[in-house]
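Below is one structure, written out as structure tokens, with a few remarks after it.
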Amino acid sequence: MELTEQHRIYWQKNLRITSILLAIWFIVTYVVGFFARDLNFTFFGWPFSYWVAAQGAQAIYVLIIVYYAHYMNNLDKEYGCAEVEED
Amino acid sequence: MAGTTPKGTGGMFAASSNVAFKKQLNKIYAWYTGGFIAFVLVLAVAEQMGLSRAWIGYLFLAATVLLYAGIGVMSRTSDPAEYYVAGRRVPALYNGMATGADWMSAASFIGMAGTLYLTGYGGLAFIMGWTGGYCLVALFLAPYLRKFGQFTIPDFLGARYEGNLCRFLGIIAAILCSFTYVVAQIYGVGLITTRLAGIPFELGIFLGLGGILVCSFLGGMRAVTWTQVAQYIILIIAYLVPVIWLSIVQTSFPIPQLIYGYQLEKVTAKEEVLLKDPKELQVRAIYQERADVFAAKLKDIPAALVADKADAEKKVADLKAANAPADQVQAAEKALASVPADATKAKEVWTKAKAANEAGTKPLAGMPRQAQQFAGDPNGDDKARIAFDTSRRNFLALIFCLMVGTAALPHILMRYYTTPSVKQARESVSWSLFFIFLLYFTAPALAVLVKYQVFNVLVGTPFDQLPAWIGQWAKVDAALLSVVDINKDGILQLGEMKIGGDIIVLATPEIAGLPYVISGMVAAGGLAAALSTADGLLLTIANALSHDLYYKMINPNAPAATRVLISKILLVIVALAAAYVAAQKPADILFLVSAAFSFAAAAFFPALVLGIFWKRATKWGAAAGMIGGLGITFYYMATTQPWLRSVFNVTAPVELWWGILPISAGIFGIPLGFALIFVVSYFTSAPNKEIQILIDHVRYPTLRGDIDTAGT
Numbered sequence: 001m002e003l004t005e006q007h008r009i010y011w012q013k014n015l016r017i018t019s020i021l022l023a024i025w026f027i028v029t030y031v032v033g034f035f036a037r038d039l040n041f042t043f044f045g046w047p048f049s050y051w052v053a054a055q056g057a058q059a060i061y062v063l064i065i066v067y068y069a070h071y072m073n074n075l076d077k078e079y080g081c082a083e084v085e086e087d
Numbered sequence: 088m089a090g091t092t093p094k095g096t097g098g099m100f101a102a103s104s105n106v107a108f109k110k111q112l113n114k115i116y117a118w119y120t121g122g123f124i125a126f127v128l129v130l131a132v133a134e135q136m137g138l139s140r141a142w143i144g145y146l147f148l149a150a151t152v153l154l155y156a157g158i159g160v161m162s163r164t165s166d167p168a169e170y171y172v173a174g175r176r177v178p179a180l181y182n183g184m185a186t187g188a189d190w191m192s193a194a195s196f197i198g199m200a201g202t203l204y205l206t207g208y209g210g211l212a213f214i215m216g217w218t219g220g221y222c223l224v225a226l227f228l229a230p231y232l233r234k235f236g237q238f239t240i241p242d243f244l245g246a247r248y249e250g251n252l253c254r255f256l257g258i259i260a261a262i263l264c265s266f267t268y269v270v271a272q273i274y275g276v277g278l279i280t281t282r283l284a285g286i287p288f289e290l291g292i293f294l295g296l297g298g299i300l301v302c303s304f305l306g307g308m309r310a311v312t313w314t315q316v317a318q319y320i321i322l323i324i325a326y327l328v329p330v331i332w333l334s335i336v337q338t339s340f341p342i343p344q345l346i347y348g349y350q351l352e353k354v355t356a357k358e359e360v361l362l363k364d365p366k367e368l369q370v371r372a373i374y375q376e377r378a379d380v381f382a383a384k385l386k387d388i389p390a391a392l393v394a395d396k397a398d399a400e401k402k403v404a405d406l407k408a409a410n411a412p413a414d415q416v417q418a419a420e421k422a423l424a425s426v427p428a429d430a431t432k433a434k435e436v437w438t439k440a441k442a443a444n445e446a447g448t449k450p451l452a453g454m455p456r457q458a459q460q461f462a463g464d465p466n467g468d469d470k471a472r473i474a475f476d477t478s479r480r481n482f483l484a485l486i487f488c489l490m491v492g493t494a495a496l497p498h499i500l501m502r503y504y505t506t507p508s509v510k511q512a513r514e515s516v517s518w519s520l521f522f523i524f525l526l527y528f529t530a531p532a533l534a535v536l537v538k539y540q541v542f543n544v545l546v547g548t549p550f551d552q553l554p555a556w557i558g559q560w561a562k563v564d565a566a567l568l569s570v571v572d573i574n575k576d577g578i579l580q581l582g583e584m585k586i587g588g589d590i591i592v593l594a595t596p597e598i599a600g601l602p603y604v605i606s607g608m609v610a611a612g613g614l615a616a617a618l619s620t621a622d623g624l625l626l627t628i629a630n631a632l633s634h635d636l637y638y639k640m641i642n643p644n645a646p647a648a649t650r651v652l653i654s655k656i657l658l659v660i661v662a663l664a665a666a667y668v669a670a671q672k673p674a675d676i677l678f679l680v681s682a683a684f685s686f687a688a689a690a691f692f693p694a695l696v697l698g699i700f701w702k703r704a705t706k707w708g709a710a711a712g713m714i715g716g717l718g719i720t721f722y723y724m725a726t727t728q729p730w731l732r733s734v735f736n737v738t739a740p741v742e743l744w745w746g747i748l749p750i751s752a753g754i755f756g757i758p759l760g761f762a763l764i765f766v767v768s769y770f771t772s773a774p775n776k777e778i779q780i781l782i783d784h785v786r787y788p789t790l791r792g793d794i795d796t797a798g799t
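Chain order of the listed sequences is A and B.
Position 29 of the first sequence, counting from 1, maps to 29 under the numbering used here, and the rest follow consecutively.
Positions in the second sequence are counted from 1; adding 87 to them yields the numbering used here.
Rendered as structure tokens:
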């Protein structure tokens with residue numbers, strides 16, 4: 001089971017996308033949370049930071065996970081790491 | 088393991104190929120959903136024709152518990168792969184639904200909207216924490232654990248960190264957090280069955296337990312998975328229907344999640360009015376007077392006690408002398424008997440009474456303003472600034488602990504062992520969060536709509552015209568709901584109503600004026616939420632004991648059938664132990680649930696994540712990290728949380744670190760866990776070649792010449 005250069009690139013790309021998505025997760029949760037009092041402008045009736053905490057953040061979490069699954073499933077195929085599924 | 092021919096005995100959930108299997112599942116659950124809706128409609132018609140409320144309650148209870156038991160019977164198995172991981176062929180979508188039900192406990196279903204009603208923006212920490220954690224599950228754990236593909240979380244720790252030390256720590260931590268959590272679920276089952284069918288609390292616990300046990304005892308993970316899917320469908324319908332109805336009543340728009348921003352504006356405007364309302368101020372002033380009376384008594388307890396006793400005795404004597412009616416004399420005698428017996432008792436009773444009355448002096452019945460982020464004021468005086476900073480720090484810390492805890496609870500992570508492939512494990516996390524999202528983005532809407540209803544319909548209503556449900560709920564438990572005309576004006580003020588968070592969801596159908604059948608459905612939904620979580624937790628504990636402790640550590644030669652049998656026996660024992668603890672009604676049960684998150688976060692998360700992402704992490708590093716993380720979390724809670732302080736007899740004054748509340752104790756344990764793993768690993772020798780191969784094995788969905796770690 002020797003790791004090839006391909007495998008190393010695969011893992012690097014995985015780490016990169018993981019960090020990017022984690023950064024988005026962090027900003028949506030903690031940066032918006034930290035400045036919640038300042039981000040108080042009205043957004044369809046909600047104060048903006050209230051809306052983010054109640055709906056916006058969750059929607060972004062779902063998108064993060066869906067995008068990660070999509071990205072990684074493609075990466076598996078591209079770098080020959082995909083499983084053979086018996087459908 | 089993908090596509091392995093299933094060996095189970097149940098006909099309904101056994102199929103040859105994954106695609107055919109999924110098609111069959113779609114068909115079964117479509118019929119099932121239709122059947123459930125038809126059942127509710129039939130009961131609705133029957134209600135109009137005069138079916139009593141008690142019978143509606145019985146029918147809902149009996150039908151759902153029998154249904155769950157029936158699924159258990161149909162998916163019975165004694166094959167380890169079926170019993171522990173449902174044969175690893177649960178499609179992503181269905182695993183997502185099952186995880187949703189597994190995840191959403193009585194606390195999510197019943198408690199969360201209530202918390203949001205009572206605490207406003209502060210409560211959103213739970214919404215973000217309990218959803219955002221799935222990002223960590225998806226990015227750091229689920230696909231890798233699926234590739235590793237054994238049965239339990241301690242399995243991974245044992246394999247990655249060479250041997251039984253970390254496995255054993257994992258077993259202890261898994262039992263610690265799962266047991267506290269399962270006690271809370273069974274307690275919730277007891278509450279709901281009591282309310283739904285009017286049967287005694289203890290009997291309710293054992294009825295609910297019967298449903299859980301038939302299911303998980305006979306079919307293990309397989310039965311639990313298919314039951315959880317069924318439970319998810321019931322709980323989401325039950326949660327959404329009343330909120331949609333309430334939204335139509337208030338705004339004539341059927342999607343509450345889109346529209347409640349405007350209701351929030353109205354609630355905020357009304358808060359402004361209520362804050363200045365003279366009648367509200369009058370109620371608060373009366374509470375202040377009462378609190379002052381107790382404060383004065385507490386200054387000189389012996390003297391006040393003598394005076395109280397003399398007063399009460401005099402009143403009895405006077406009434407008797409004046410030949411007053413018997414009931415008045417009895418009342419006076421009762422008052423005399425309730426005078427505290429001695430100074431210690433008096434101090435306790437009066438301190439409590441003072442605190443209760445002081446609570447009544449707070450604006451808006453003690454609720455912070457719904458849309459206000461954090462307490463205090465960053466531009467105010469020193470006190471307001473500190474209040475603001477502490478409140479914000481605690482909010483963020485709580486989110487962090489709940490998120491990391493979510494990504495470390497063994498009963499959730501275990502679910503990702505059941506998918507057919509790594510690819511499906513990734514997709515399954517998306518579905519999990521989507522199904523959880525459906526409920527979680529509705530809860531804040533529910534809280535705001537109910538608050539609008541209370542502010543605009545209830546407050547200002549004359550006492551003799553209050554809706555009937557208020558009296559009914561007050562009878563169930565005065566701690567959940569009580570209304571008293573404090574200022575004797577005959578009209579309900581907000582300050583005169585005390586409402587417990589736990590009834591908001593259960594009472595929503597009545598608040599919205601829906602027929603009783605919907606109340607029954609909501610209670611059945613709460614039951615589904617509690618039972619599904621309890622199922623998953625019981626399996627986690629029983630598997631940790633039978634698979635990890637007995638099979639892997641004590642008797643590695645045990646045949647498959649023995650292992651499954653032992654697991655089943657342990658399941659019953661653990662369930663009975665949990666029911667026994669729940670029947671004692673432990674006081675701080677909600678705290679224990681939140682504590683489980685901090686424990687799981689500190690114990691598992693650093694060791695699991697570094698085990699996958701850092702090849703240099705060693706056995707001793709992981710052990711130090713798990714012990715240190717769990718240790719400091721436990722220490723902080725034991726020295727700061729009132730109930731634990733009394734359990735451990737801590738008398739030193741409470742010292743909060745940076746003002747962090749005990750519920751977020753994991754905020755110290757998680758970084759310490761990471762730090763210890765880093766430092767200790769550097770000073771111990773690197774893991775051997777086999778471990779390096781294992782790590783590569785979990786990192787890549789397929790590798791040429793790959794090893795096979797899947798459990799059989």
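C-beta: ideal position from N, C-alpha, C; glycine also.
From the options, pick the residue whose C-alpha is nearest to that of residue i; which is it?
{"i": "K741 of chain B", "options": "B:I750, B:V734, B:A752, B:Q728", "result": "In the sequence under discussion, the amino acid at residue 741 of chain B is Val, which differs from the Lys named in the question. If we check each option's Cα against that of V741 of chain B, B:Q728 comes out closest."}
{"i": "V516 of chain B", "options": "B:L283, B:L211, B:G219, B:V152", "result": "B:G219"}
{"i": "A710 of chain B", "options": "B:L256, B:A284, B:A168", "result": "B:L256"}
{"i": "T63 of chain B", "options": "B:A495, B:Q779, B:G623, B:I143", "result": "Nothing in the structure corresponds to residue 63 of chain B, since chain B is present only between 88 and 799."}
{"i": "L658 of chain B", "options": "B:W556, B:T627, B:A690", "result": "B:T627"}
{"i": "F487 of chain B", "options": "A:I65, A:I64, A:I27, A:Q55", "result": "A:I27"}
{"i": "I800 of chain B", "options": "B:L636, B:K441, B:K439", "result": "Not covered by the structure: residue 800 of chain B. The range shown for chain B is 88 to 799."}
{"i": "L112 of chain B", "options": "B:L180, B:G216, B:P389, B:Q135", "result": "B:L180"}
{"i": "V604 of chain B", "options": "B:L296, B:R371, B:V127, B:I115", "result": "B:V127"}
Pick helix, strand or coil for residue i, following the three-state DSSP scheme.
{"i": "M608 of chain B", "result": "helix"}
{"i": "V177 of chain B", "result": "coil"}
{"i": "T42 of chain A", "result": "strand"}
{"i": "K585 of chain B", "result": "strand"}
{"i": "S569 of chain B", "result": "strand"}
{"i": "I578 of chain B", "result": "strand"}
{"i": "P47 of chain A", "result": "strand"}
{"i": "I782 of chain B", "result": "helix"}
{"i": "P729 of chain B", "result": "helix"}
{"i": "P427 of chain B", "result": "coil"}
{"i": "P343 of chain B", "result": "helix"}
{"i": "P450 of chain B", "result": "helix"}
Apart from the five residues just before and just after residue i, which ones in its own chain have a Cβ nearer than 8 Å to its Cβ?
{"i": "Y67 of chain A", "result": "L21"}
{"i": "V354 of chain B", "result": "Q457, A458, V535, K538, Y539, F542"}
Do residue j and residue i have their beta-carbon atoms positioned less than 9 Å apart in this structure?
{"i": "K639 of chain B", "j": "R163 of chain B", "result": "no"}
{"i": "I240 of chain B", "j": "F691 of chain B", "result": "yes"}
{"i": "F167 of chain B", "j": "T506 of chain B", "result": "The sequence shown places Pro at residue 167 of chain B, rather than the Phe named in the question. Their beta carbons are not under 9 Å apart, which means P167 of chain B does not touch T506 of chain B by this criterion."}
{"i": "G716 of chain B", "j": "L759 of chain B", "result": "yes"}
{"i": "K357 of chain B", "j": "Y503 of chain B", "result": "no"}
{"i": "A752 of chain B", "j": "S685 of chain B", "result": "yes"}
{"i": "I764 of chain B", "j": "P693 of chain B", "result": "yes"}
{"i": "N73 of chain A", "j": "A82 of chain A", "result": "yes"}
{"i": "G201 of chain B", "j": "I590 of chain B", "result": "yes"}
Output needed for residue i: all residues of its chain with C-beta closer than 7 Å, excluding positions within five of it in sequence on either side, in chain order.
{"i": "E367 of chain B", "result": "L361, Q580, L581, G582"}
{"i": "V62 of chain A", "result": "none"}
{"i": "P455 of chain B", "result": "T206, G207, G209, A462"}
{"i": "F482 of chain B", "result": "G209, A212, F461"}
Residues in the same chain with beta-carbon distance under 6 Å from residue i, minus the five sequence neighbours each way, listed in chain order, please.
{"i": "L496 of chain B", "result": "A687"}
{"i": "M99 of chain B", "result": "Annotation note: pLDDT 46 at M99 of chain B (below 50); position unreliable, no value reported."}
{"i": "A36 of chain A", "result": "S49"}
Next on the checklist: Any C-beta of chain A within less than 7 Å: which residues of the segment 201 to 221 of chain B qualify?
Outcome noted: Y208, L211, I214, M215, T218, G219, Y221
Checklist entry - What are the residues of the segment 764 to 779 of chain B that lie near chain A, defined by any Cβ-Cβ distance shorter than 8 Å? => result none
Checklist entry - Which residues, in chain order, does the segment 46 to 68 of chain A contribute to contact with chain B at a C-beta distance below 8 Å? => result W46, P47, S49, Y50, W51, A53, A54, Q55, A57, Q58, A59, Y61, V62, I64, I65, V66, Y68
Checklist entry - Between the segment 346 to 378 of chain B and chain A, which residues of the former have a C-beta closer than 7 Å to a C-beta of the latter? => result G348, Y349, L351, E352
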